[in-house]
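Engineer:
Residue numbers (our numbering): 1030 to 1769.
1. Below 6 Å CB to CB, which residues in the same chain sit around residue 1150 once its five sequence neighbours on both sides are set aside?
2. Could you give the distance in angstroms between the alpha-carbon of residue 1431 and the alpha-carbon of residue 1425?
3. When DSSP labels each residue in this structure, what does residue 1132 get in the three-state scheme?
4. Can you tell me whether residue 1589 is helix, strand or coil according to DSSP?
5. What residue range is occupied by the uninterrupted alpha helix (DSSP H) comprising residue 972?
6. With three or more C-beta pairs closer than 8 Å as the rule, is the region 1047-1058 touching the region 1072-1082?
7. Out of curiosity, what's the CA-to-CA distance linking residue 1760 and residue 1647?
8. Grab the span of the alpha helix (DSSP H) containing residue 1628 for me, first residue to last.
9. Could you check the C-alpha separation between residue 1658 and residue 1296 for me, to the nearest Å?
10. How far does the beta strand (DSSP E) with residue 1354 in it extend, from its first residue to its last?
11. Between the C-alpha atoms of residue 1755 and residue 1548, what's the straight-line distance to the nearest angstrom?
12. Where do the ends of the alpha helix (DSSP H) carrying residue 1669 lie?
13. Pull up the distance between the alpha-carbon of residue 1542 and that of residue 1561, whole angstroms please.
14. Give me the Cα-Cα distance between residue 1140 and residue 1133, rounded to the nearest whole angstrom.
15. How should residue 1279 be labelled, buried or exposed, when 16 other C-beta atoms within 10 angstroms of its C-beta is the threshold for buried?
16. Within the same chain, show all residues whose beta-carbon is closer than 7 Å to that of residue 1372, passing over the 5 residues directly before and after it, in chain order.
17. How should residue 1308 be labelled, buried or exposed, when 16 other C-beta atoms within 10 angstroms of its C-beta is the threshold for buried?
18. Thinking C-alpha only, which one of 1531, 1535, 1503, 1506 is nearest residue 1518?
19. Does the region 1649-1663 come into contact with the region 1672-1679, if we say contact requires no fewer than three beta-carbon pairs (one atom in each stretch) closer than 8 Å?
20. For the candidate residues 1533, 1539, 1515, whose alpha-carbon lies nearest to that of residue 1600?
21. Helix, strand or coil for residue 1173, going by three-state DSSP, please let me know.
22. From the DSSP output, read off the bridge partner residues of residue 1677.
23. With 16 other CB atoms within 10 Å as the buried threshold, where does residue 1061 fall?
24. Judging by CA-CA distance, which residue of 1135, 1270, 1095 is the nearest neighbour of residue 1114?
25. With respect to the beta strand (DSSP E) encompassing residue 1543, which residues constitute its N-terminal and C-terminal limits?
26. Please report the distance separating the alpha-carbon of residue 1436 from that of residue 1505.
27. Apply the 10 Å Cβ neighbour rule to residue 1068 and answer buried if 16 or more other Cβ atoms are within range, or exposed otherwise.
28. Assuming residue 1277 and residue 1292 form a contact by the criterion Cβ under 8 Å, report the distance between their Cβ atoms to the nearest whole angstrom.
29. Taking the DSSP output, what are the residues bridged to residue 1429?
30. Tell me whether the beta-carbon of residue 1557 lies closer than 8 Å to the beta-carbon of residue 1533.
31. If you follow the beta strand (DSSP E) that residue 1276 is in, where does it begin and where does it stop?
32. Locate the alpha helix (DSSP H) running through residue 1321, then write down its first and last residues.
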């Protein structure tokens, strides 16, 4: 009779192990079918835990006290640790809860517990004890608990209660799955408490927790399989949404339960099974509150009749604008949110570009009309002012030094001269007036103005203002009118002085700038090489309303009687337009910054002296391969090198350069670092070095010295030159590289 009971117990344990293995296999198959649903994997792991526990019980019933029996006891405790960990993993995955802060700490903790379990006898003692179970005539022999054994069992109970709390507190409405899962948890926990009391010496019936494992595994399998059936049902209708360009999402119980391929393309990664918090992470911070208000409103049955426009950041870092329409529906007999999202980034950009073009066209027409008016008025005023300016000079020559009339007539003369200056500004504002251009350097004109009587007089009105300069010593020349450019500098400094209240600084700076992509600003600056004039102040800034009209003639907030004619910035705008340049204005409460972009010229200023004689930079006909993705840059580089008496060959990218050098030899590479599309300069040089290990190179870029530049220099490239190129620097760099 006793043997028969033991055999039956063993047979039951063995059966549980086999069934758990089958359930584990089924769930692994489901995981392979639907790898995005991670709860299949956790469910399989729970079945694996049940199999381990049943195997341990089976061996304990069928082995004598010894190493195998103790191994079986350790296996049981290991199965409990596995079950606790996997139970939380399944709960987080299935309920769509945030679990990334749990898995790593819990994994480390449970690993330490397992090490403690298997390395000493603190949890499971190295001794055996006989249990007198009710209904069994023969004592049951197993390893006794160690000092930490009861604490381990308490941890198992508390951890299980924690899982129950998560399921009870979850706000989802899937009562069917929740009730069934909790029933399984309570069933397993009740049997676990029974076996825990038995292991601590309480007189009970035989161990039954493997049946709790089995029952709970069956429950988990049922929950998982029910979810699989639901998802498979949805798959029948997936073809309806598979080929649409709009993203379709289904959100239920705080997690994404359905998404079509277009949503993956939009976001950049699969989002099925993601929680609402995961989705919120891809929404830009500024739009998250708006999104959550809309989402919570839908949950509260608010019917929105308008779409929601938000910005998201894709997994590749791109920011996209999406238009989303969502509504509350019934899905699987429960409330859900159906959302249809469309990428409208390009449409918004096109609308903004069109609006900006229309505004620019309106501004141009307005300026042209005002310019024509100003030109006509200026010509008429010139005739009127000729007498007012000329006659006082004649009268003053005839008046004695002590005459009382001298001072009033001098005042009349000064007023006339100021009026003439205003007329000259009006003529400048009148578009279409021919201006003579010549090669000039902005630095020369700036230095000339900063030491001029005009600036000294201006500073008398603004004693608290300090004007500083920060000029690029290697600034390239531009083609322009010295008279008009000087007026631009004068008006920008005057405008900045008027903007500063009390004490402040004005910084006039220059720099070379190479743009390989258009710059979006007040004006859209096109690709090219520029000499940039910058005037910035730390005044209170310009309001957004004023910013729209600051370049219109006669618009001013200056003090009338000093320089407040309203023509200063209009003159600046017209001069820049006549020079085919661009203006960018940046302003906030910390101050204003005006950036003027002028196309550079390689022609020298008439009296410019080159520090190194050109003859010393001449080559001896060496062949140089120019590698640059921009045609204009290839042409100017070849022209400069040919001026220095080198032979040149130009290619448009790294791949073409590698192909060319497979069949040819050159003395030097002039290699652009940033090329789009295709491989960059660093990878190009790396491939070329495999063909010609000793290949010399000079690298150029419109950007600063990046890590890729430094890597290329370490590979053996010569000097790094920043665009736009300067003839003297290029000649010296080539000479130096060829001398290696």
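Cβ coordinates follow ideal geometry from the N, Cα and C atoms, glycine included.
Structural biologist: Working from what's here:
1. Scanning its chain for C-beta atoms nearer than 6 Å, with the 5 sequence neighbours on each side dropped, one finds around residue 1150 the residues 1175, in chain order.
2. Going by the C-alpha atoms only, they are around 11 Å apart.
3. The answer is helix: DSSP assigns residue 1132 an H, G or I state.
4. Only weak support is given to the placement of residue 1589: the predicted model assigns it a pLDDT of 47, under 50, and the value that follows is read from those uncertain coordinates. Three-state DSSP puts residue 1589 in coil, outside helix and strand.
5. This structure gives no information on residue 972, because the portion of the chain shown stretches from 1030 to 1769.
6. Short answer: they touch.
7. Going by the C-alpha atoms only, they are around 8 Å apart.
8. No alpha helix (DSSP H) holds residue 1628; the beta strand (DSSP E) holding it covers 1620-1630.
9. Distance between the alpha carbons of residue 1658 and residue 1296 is about 31 Å.
10. It spans 1348-1360 - the beta strand (DSSP E) in which residue 1354 sits, taken as one unbroken run.
11. If you draw a straight line from the Cα of residue 1755 to the Cα of residue 1548, it is about 23 Å long.
12. Annotation for residue 1669: the continuous alpha helix (DSSP H) segment containing it runs 1660-1672.
13. Rounded to the nearest angstrom, the two C-alpha atoms are 7 Å apart.
14. If you take the alpha carbons of residue 1140 and residue 1133, they lie about 11 Å apart.
15. Residue 1279 should be labelled buried.
16. Only 1295, 1349, 1351 meet the Cβ criterion.
17. It counts as buried.
18. Distances from the CA of residue 1518 to each of 1531, 1535, 1503, 1506 were compared; the closest alpha carbon is that of 1535.
19. Touching, yes, given that three or more Cβ pairs across the two stretches are closer than 8 Å.
20. Here the closest residue by C-alpha is 1515.
21. Judged by DSSP in its simplified three-state form, residue 1173 adopts strand.
22. 1653.
23. The residue in question, residue 1061, is exposed, as its Cβ has fewer than 16 Cβ neighbours within 10 Å.
24. Ranking 1135, 1270, 1095 by Cα distance to residue 1114 puts 1135 first.
25. Taken as a continuous stretch (DSSP letters only), the beta strand (DSSP E) holding residue 1543 covers 1533-1544.
26. Annotation: residue 1436 to residue 1505 spans about 48 Å, alpha carbon to alpha carbon.
27. Buried.
28. Right, the Cβ-Cβ distance comes to about 7 Å (below 8 Å), so this counts as a contact.
29. Residue pairing for residue 1429: DSSP places it in no beta bridge.
30. For residue 1557 and residue 1533, no; Cβs fall outside 8 Å.
31. Run containing residue 1276: 1276-1281, per the beta strand (DSSP E) assignment.
32. Taken as a continuous stretch (DSSP letters only), the alpha helix (DSSP H) holding residue 1321 covers 1314-1328.
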